[in-house]
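Q: Sharing a structure below in structure tokens format, with a few things to ask.
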Amino acid sequence: MSKEMSRRDLLKMSGLAAAGVAGASLLGGCAPKAASSASDSGKAANGGSTAATTAAGHERAGLPSFLSAPEPIKDVKTTKDYDVVIVGAGAAGIPAAITAKEAGASVAVIQKESTAISQGNTATGILLDKSDPAGVEAVVSKLISEHDYRAKREQVELWAKNSGEAITWLFNLAQQCGAQVSDTTKKWTSGIAKVNDYEMNYLSIDFGPKPYNTGEGMKALAEYAEKQGVDFFYSTEAKQLVGDASGITGVIAKGAEGNIQFNAKKGVILAAGDYQNDDEMVNYYLPDLKHLGRKQTNKTGDGHKMAIWAGGAMEDLGHTKMLHDFDAGPGSMCDMPFLAVKMDGTRFCDETCGMSLMNNFLRSDADQGNYCQIFDNNYTETAASWPGKLFDQEAIKAYMPEEPGEKKGVFEGQIATFKADTLDELAKKLGITDAAAFKKAVERYNELVAKGSDEDFGKQAKWLTPIDTPPFYGIHRHVRVSAIVSGVNVDKHMQVLKDGTEEPIPGLFAIGNVAGNFFAGVDYTMWMPGLSLGRAHTQGYVIGKYVAEL
1 MSKEMSRRDL LKMSGLAAAG VAGASLLGGC APKAASSASD SGKAANGGST AATTAAGHER
61 AGLPSFLSAP EPIKDVKTTK DYDVVIVGAG AAGIPAAITA KEAGASVAVI QKESTAISQG
121 NTATGILLDK SDPAGVEAVV SKLISEHDYR AKREQVELWA KNSGEAITWL FNLAQQCGAQ
181 VSDTTKKWTS GIAKVNDYEM NYLSIDFGPK PYNTGEGMKA LAEYAEKQGV DFFYSTEAKQ
241 LVGDASGITG VIAKGAEGNI QFNAKKGVIL AAGDYQNDDE MVNYYLPDLK HLGRKQTNKT
301 GDGHKMAIWA GGAMEDLGHT KMLHDFDAGP GSMCDMPFLA VKMDGTRFCD ETCGMSLMNN
361 FLRSDADQGN YCQIFDNNYT ETAASWPGKL FDQEAIKAYM PEEPGEKKGV FEGQIATFKA
421 DTLDELAKKL GITDAAAFKK AVERYNELVA KGSDEDFGKQ AKWLTPIDTP PFYGIHRHVR
481 VSAIVSGVNV DKHMQVLKDG TEEPIPGLFA IGNVAGNFFA GVDYTMWMPG LSLGRAHTQG
541 YVIGKYVAEL
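First residue of the sequence shown: 1, per the UniProt record's numbering; consecutive thereafter.
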């Protein structure tokens, strides 16, 4: 672009000054550069300076389509004016809507689903007044180390220093709204009561018991918010941001009657969830998830895309995946280092790695996240001192589809715990394809137990327990994607940053799984229980009020 040609001139030439995301794309910089090589393409996708679209929003060769802004929407049927517009009615969006309204703002929530939604059960916060200040910082440092030292400390501190207040507020309000929620602090945080020898105190809450979950809790809170004057627009899909040189000024969304432009005087908050159901995005940022299933539906990265089209960028290296299965058998036993075998019957790892990391061994088309934990009838004695909570032979029946009786606190369609008098019978029930290989793996494991030395994978001898007393037990775990907790670059106020800079895009904020810079490791850490929802609730609680008071 010549020096004489201004950004606005370029936009006028290309027709992008019209309302819509393309209008906001002027925030991303001057005329974009063509990607001249594969390495240049990587920079564009990962937040580098190479732009992803032409001035007219057309896709550059070699780049995925989601990096290209669509043509601006011009057919707007209705315009509505608010102080704050929130895209997404979930674990981050609902708290943001309530606190923004409490701060005196007029608030609209746009939700493409027909109701509020969320996932999971547990959220945790730090009680600052009952914790050692040095311990709080130790927790922050520990979480950064758990995610390969790539997180921004200011992001983790936003959670650490506001989460106790946020989760306490949410807990009290949820109870007032009649949601099924309980204090589960002792259950989840007894193992982290001291961090680097500093005393710590937390509040953990669970929306439950299952099958009730946080989504049900957010529905109750959304009803409360509506009574307080928050306007909800369900079955209304945000499509493009609206903006000009001064920043983002609104959102265009498609409802049953056509396109609606929601003007936002103070700011737009993107809280639309992750991108696990957009195959192109997943294959680009997390190709190792290709053969692993998804737990959620309709999570298509809408917030990420709109932020990118407005001149923001995805965080660069280290998109963080969360995969687990707390439902096939007791969640409290998922990390216990019982013998683990693939569906072909073979042992494959040192089982102390824990369930959340098993996906790294099970990424193939043949495995697809499936494996089995194996133990015998003596497990309540042999594993009595292991971390976690054992369900005894009676309690574990809730997870056994073959056992009669009411199944409380579980998702009945996902339970997959079995017992059998023989290993052949157990293999059949678990779906293990090679019973002979399975029996050989158990035989070999028992040999290692007798030696007191794991010569195959090096597991500590204290975790080696025999499998020789029937009935034999097996849990068929199927780890799938629960969330992708990576997003666009943001500053300490969760304001989306312009691509390649530390300069915020005026009027645009991202929270929850649309926002990046909090995790950034390969796998989500299980060291701090309830961190994902705790982060989402806290960011919503803080940023809703912050934007309302601008």
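Cβ atoms here follow ideal geometry from the backbone N, Cα and C, with glycine treated the same way.
(1) Taking 6 Å as the cut-off, does the CB of Met355 come closer than this to any heavy atom belonging to the ligand SAM?
(2) Considering only residues of the segment 370 to 438, which uninterrupted beta strand (DSSP E) runs meet the minimum length of 3 residues and lie entirely inside it, listed in chain order?
(3) Just verifying my parser: in three-state terms, what is the DSSP assignment at Arg153?
(4) In terms of alpha-carbon separation, which member of Leu270, Ser453, Ala398, Leu317 lies closest to Val514?
(5) Please tell me whether Ala238 and Ile110 are closer than 7 Å, where the distance is taken between their beta carbons.
(6) Pro470 by DSSP, collapsed to three states: which one?
(7) Using the Cβ count rule (16 or more neighbours within 10 Å means buried), how would you classify Pro72?
(8) By how many angstroms is the C-alpha of Val107 removed from the C-alpha of residue 552?
(9) Which value, in whole angstroms, describes the spacing of the CA atoms of Phe391 and Met333?
(10) Under the DSSP definition of a beta bridge, which residues are partnered with Leu357?
(11) Take Arg150 and list the residues in its own chain whose beta-carbon comes closer than 6 Å to its own, dropping the five residues that flank it on each side.
(12) Taking only the alpha-carbon atoms, compute the straight-line gap between Pro401 and Thr297 and give it to the nearest angstrom.
(13) From residue 551 to Ala310, what does the alpha carbon distance come to, in whole angstroms?
(14) So what does DSSP say about Tyr284, is it helix, strand or coil?
(15) What's the call for Ser25, buried or exposed, on a 16-neighbour Cβ count within 10 Å?
(16) Does the segment 399 to 418 come within contact of the segment 452 to 467, defined as at least 3 CB pairs closer than 8 Å?
(17) Sort out for me which residues DSSP pairs Ala340 with in a bridge.
(18) Taking the C-alpha atoms as reference points, what is the distance between Ile126 and His147?
(19) In three-state DSSP terms, what is Val522?
(20) To test your reading of the DSSP string, which unbroken beta strand (DSSP E) runs of 3 or more residues are found completely within the segment 473 to 519?
(21) Tell me which same chain residues have a C-beta within less than 8 Å of the C-beta of Ala103, skipping the five on either side of it?
(22) In angstroms, rounded to a whole number, what distance separates the CA positions of Phe472 and Asn370?
(23) Measuring alpha carbon to alpha carbon, tell me which residue in Ala100, Lys112, Val156, Lys77 is nearest Gly534.
(24) Closest by CA to Asn196, which one among Leu170, Gln180, Ser141?
(25) Report back the beta-carbon spacing between Ile505 and Ile248 to the nearest angstrom; my notes put them in contact at under 8 Å.
(26) Could you give the distance in angstroms between the alpha-carbon of Ala272 and the alpha-carbon of Ala166?
(27) If we ignore side chains and look at the alpha-carbon of each, how far apart do Lys266 and Ser246 end up?
(28) Are the CB atoms of Asp523 and Leu292 nearer to each other than 7 Å?
(29) Which of the three DSSP states is assigned to Gly208 in this structure?
(30) So if DSSP puts Gln240 in a beta bridge, which residue, or which two residues, is it bridged to?
(31) Can you list the alpha helix (DSSP H) stretches of 4 or more residues lying completely in the segment 293 to 352, in chain order?
(32) Applying the 10 Å Cβ sphere with the 16-neighbour rule, what's the burial state of Lys299?
(33) Of the residues Lys219, Asp424, Gly431, Glu394, which one's Cα is nearest the Cα of Thr115?
(34) Between the segment 177 to 184 and the segment 207 to 216, are three or more C-beta pairs nearer than 8 Å?
(35) Can you check the segment 85 to 145 for any alpha helix (DSSP H) of at least 4 residues that lies completely inside it and give the ranges in chain order?
(36) To which residues of the same chain is Thr538 closer than 6 Å at the C-beta, ignoring the five residues directly before and after it?
A: Looking at the atomic coordinates:
(1) By its list of ligands, the structure shown contains no ligand whatsoever, and the ligand SAM lies outside what it can speak to.
(2) 370 to 375, 417 to 420
(3) helix
(4) Leu270
(5) yes
(6) coil
(7) buried
(8) Any property of residue 552 remains undetermined from this structure, which presents the chain solely from 1 to 550.
(9) 8 Å
(10) According to DSSP, Leu357 bridges with nothing at all.
(11) Gly318, Ala520
(12) 25 Å
(13) Limits of the chain in this structure are 1 at one end and 550 at the other, which puts residue 551 out of reach.
(14) helix
(15) Residue placement at Ser25 is flagged as unreliable, the pLDDT there being 38, under the threshold of 50; the coordinate-derived value follows with that caveat. It counts as buried.
(16) no
(17) Gln373
(18) 19 Å
(19) coil
(20) 480 to 484, 495 to 497, 504 to 510
(21) Gly544, Lys545, Ala548, Glu549
(22) 19 Å
(23) Val156
(24) Ser141
(25) 6 Å
(26) 20 Å
(27) 12 Å
(28) no
(29) coil
(30) Ile252
(31) 302 to 309
(32) buried
(33) Lys219
(34) yes
(35) 93 to 102
(36) Trp159, Asn162, Ser163, Ala166
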